[in-house]
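Heads up: the structure comes next, in structure tokens.
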Amino acid sequence: MATDREIAGIQHKNIEKVNQQKNPFTIAEEYGKYSKDDLTIDISYKGSKELTKDLQKWCFKLAEKNVGPHYKACSLGWQPKFKQNDMKRPWAKFLIAKCGQENAGYTMFRFDMDYGRSVIYCYELQIDEKYQNKGLGEHFMKCLEKLAKVWQMERIVLTVLTNNDGALRFYKRLGYTVDETSPDDEPSYQIFSKEV
Ligand SMILES: CC(C)(COP(=O)(O)OP(=O)(O)OC[C@H]1O[C@@H](n2cnc3c(N)ncnc32)[C@H](O)[C@@H]1OP(=O)(O)O)[C@@H](O)C(=O)NCCC(=O)NCCS
-4 MATDREIAGI QHKNIEKVNQ QKNPFTIAEE YGKYSKDDLT IDISYKGSKE LTKDLQKWCF
56 KLAEKNVGPH YKACSLGWQP KFKQNDMKRP WAKFLIAKCG QENAGYTMFR FDMDYGRSVI
116 YCYELQIDEK YQNKGLGEHF MKCLEKLAKV WQMERIVLTV LTNNDGALRF YKRLGYTVDE
176 TSPDDEPSYQ IFSKEV
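So for the sequence shown, the numbering used here puts the first residue at -4; every next one is plus one.
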């Protein structure tokens, strides 16, 4: 039986390996297209360095529009510089959904160790209003779950604001539950996770 130290060594190696990949999504190629009724969406991977300034701006503006009001309504407040800087970090990875030439949504995530577990941490999941309620958010989460499986991560972890009822309902429906690391004394947000 492997010792804790040996397991930690394997987890770190897995993260190191996936972070060396130019495109960790090629291995999950079948998830690169999403179709529902008359909607056809293409999903592509971009590391933070490959994100054009325009795309970076679009990602930020969509987060500002979608969740800015939720942040402003709680004690965390909206911190634009913080979000913008995170999007440029070397570890930031993106899946971008396009319908033809139009951007429809994205998720930003990283492969990381989190309280001794190897995880995909989902920092953003943002769907343009026009494309919401069509199953695209669920498809993005399936993409992350597939990536976690193939790159041997243990969990998907994410943060949800407690005033974001739609997102709470969405994640619960997909089987996410409050993570053991979620702080009890924090009314503004909860950490959710799902084993993969
Ligand atoms: C929360 C969010 C990511 C969900 O993405 P989405 O693409 O709208 O989600 P889905 O379409 O997969 O599911 C949403 C709802 O539509 C329903 N739905 C799923 N497929 C559908 C379809 N083909 N047609 C109609 N409804 C559908 C689901 O039952 C679900 O119901 P629920 O609200 O009770 O969970 C998206 O609404 C969003 O970007 N919201 C604003 C930003 C945000 O809150 N992000 C999360 C931050 S933690």
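Cβ atoms here follow ideal geometry from the backbone N, Cα and C, with glycine treated the same way.
Please read these numbers as outputs of a predicted model, since none were measured by experiment.
Span of the alpha helix (DSSP H) holding A143? L131 to V145
Ends of the alpha helix (DSSP H) at G161? D160 to R168
Classification of Y116 by the beta-carbon crowding that lies within 10 angstroms, buried from 16 upward: buried
Whole alpha helix (DSSP H) elements within the region 58 to 120, 4-residue minimum: 75 to 83
If you follow the alpha helix (DSSP H) that V155 is in, where does it begin and where does it stop? Not the alpha helix (DSSP H): V155 falls in the beta strand (DSSP E), residues R150 to L156.
Do you know offhand how far Q6's Cα is from E133's? 27 Å
Can you name the start and end residues of the beta strand (DSSP E) that I22 belongs to? Per DSSP, I22 belongs to no beta strand (DSSP E) and is neither H nor E.
Can you give me the Cβ contacts of T154 inside the same chain, cut-off strictly under 7 Å, excluding the 5 residues immediately before and after it? Y184 and I186
Selected residue, minimal CA-CA separation from T157, among F55, R150, N98 and Y166: Y166
Separation of P178 from G130, as counted between CA atoms: 30 Å
In chain order, what residues of the same chain lie with their CB nearer than 7 Å to the CB of N18, ignoring the 5 residues before and after it? Y40
Would you say the beta carbon of G170 is closer than 7 Å to some non-hydrogen atom of ligand 1? no
What separation, rounded to the nearest whole angstrom, lies between the Cα atoms of S30 and M82? 28 Å
So, at 7 Å on beta carbons, what are the nonlocal neighbours of A87 in its own chain, with the 5 sequence-adjacent residues on each side left out? S43, D81, M103 and R105
Find the nearest neighbour of M136 within the set L34, Y26 and K12, judged by alpha-carbon distance. Y26
Cα-Cα separation between Y101 and E140, rounded to whole angstroms: 15 Å
Whole angstroms are fine: how far does the CA of F89 sit from the CA of L46? 8 Å
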